[in-house]
Every structure is written in C-alpha cells, then in structure tokens.
Amino acid sequence: MNVVIDTSTIIRATLEQNRMAQRALSLSIREHQVLLTDEMAKELAATIVIVAEKKGQNPKPPLRVAATYLLRANRVRSTTVYSWCYDPDDSMFIECAIDGGAQAVVSNDRSLTTLHEYVTDEEGKRLIQEIEFLTPEEFVSKYSLS
C-alpha cells in the first residue's frame, strides 16, 4: 500500500519519542511503500534541525531515521494543485498522495485528518475520495499485523 507520512508525525516519532508515531513510521517503512516529493524531503530535513535546536537535542539521530525513510521512499513528481485544505502548507502531502496513488496519509494534523469532513467542492472531494486520512493510532490499528 502506498502511504504518505507528514512531517509532524516524523518529528513526533524521532524528536518527541511518541510511541504511536514511532510505530506508525516503522510500520509504514517495513510493510508499505512510503511516498514523498522533493518539497516534503526538504521540509523534513530543515524541520528536524530547527526543532532539535529549539529542544536542545542533537539532530543527528532523527536525521538518521529520516535518511532511512527518504531512502525507502518512492519519489513523486507532483503536478496536482490541491487548494481545498484549510492549511495551505499541508497541501503538499495531499498532492503527493493524489499524484503517487497513495491509499493513506498519516498525520496528527486535524486539517488533514478531517479533510473528508470539510471539503464540499465536488472536484476537491473527487480528488481525495480514495485516500484515507488517518492519525498514527488509526493507521497502526488498521494496518498492523500484530
């Protein structure tokens, strides 16, 4: 299954040691095909360094985890413009999911996990109709074999 993991989930897994985010990230890398765009990769690397510095943590361990994620991921060249998300910064994850044929987007961000609830435009709904927007807990519960 093709999966998109948003930056906040990876930050929670690597810098905040959130167990459910760690399980979701590990599951997606081991059992599924993760997708990302160049824009997502750049945001991830920059955000890890910024957040690590703010928290007084060494960025190298989370960057190593991110490197594994980046190496396992299929790169997607996104051409879709998705303008129906409340947070325009989250559009890159939706666009990657659409253009990469993802079945799921994993995020703790409500602008993503509630997308099906608030998009009323028919074109906006059509573009995301086959994509699940799940929290890490929902993703692990639904797709973990254990």
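Under the working numbering, the first residue of the sequence shown is numbered 19, with each subsequent residue one higher.
Glycine included, each C-beta is placed from N, C-alpha and C at the ideal position.
Values in this document were obtained by computation on a predicted structure and should not be read as measured data.
Can you tell me which of the three DSSP states residue i falls into?
| i | result |
| --- | --- |
| I149 | coil |
| R95 | coil |
| N45 | Just to set this straight, residue 45 is Leu in the shown sequence, not Asn. Three-state DSSP puts L45 in a helix. |
| S109 | helix |
Where does residue i land, buried or exposed, given buried means 16+ other C-beta within 10 angstroms?
| i | result |
| --- | --- |
| H134 | exposed |
| P106 | exposed |
| E140 | exposed |
Compare the Cα-Cα distances from residue i to each of the options and report the closest residue.
| i | options | result |
| --- | --- | --- |
| N20 | G119, I68, Q40 | G119 |
| Y87 | I28, E155, L152, K78 | I28 |
| V83 | N92, I47, K72 | I47 |
| I116 | R144, S129, Y136 | R144 |
| R93 | K60, S101, V124 | K60 |
Would you give the residue range spanned by the beta strand (DSSP E) that residue i belongs to?
| i | result |
| --- | --- |
| V22 | 20 to 23 |
| V137 | No beta strand (DSSP E) contains V137, which DSSP labels as neither H nor E. |
For the alpha helix (DSSP H) that contains residue i, what are its first and last residues?
| i | result |
| --- | --- |
| A120 | Unbroken run through A120: none, as it is neither H nor E. |
| L163 | Where L163 is concerned, there is no enclosing alpha helix (DSSP H), given that its DSSP letter is neither H nor E. |
| V52 | Not the alpha helix (DSSP H): V52 falls in the beta strand (DSSP E), residues 51 to 54. |
| T166 | Residue 166 cannot be examined here, being either before or after the span of the chain that is shown, 19 to 164. |
| L89 | 78 to 90 |
Grab me the residues of residue i's own chain with a C-beta within less than 8 Å of its C-beta, minus the 5 sequence neighbours each way, in chain order.
| i | result |
| --- | --- |
| Y161 | M19, L45, E49, H50, A122 |
| P77 | I66, V67, A70, E71 |
For residue i, which residues in the same chain have their Cβ closer than 7 Å to its Cβ, ignoring the five residues on either side in sequence?
| i | result |
| --- | --- |
| Q40 | A31 |
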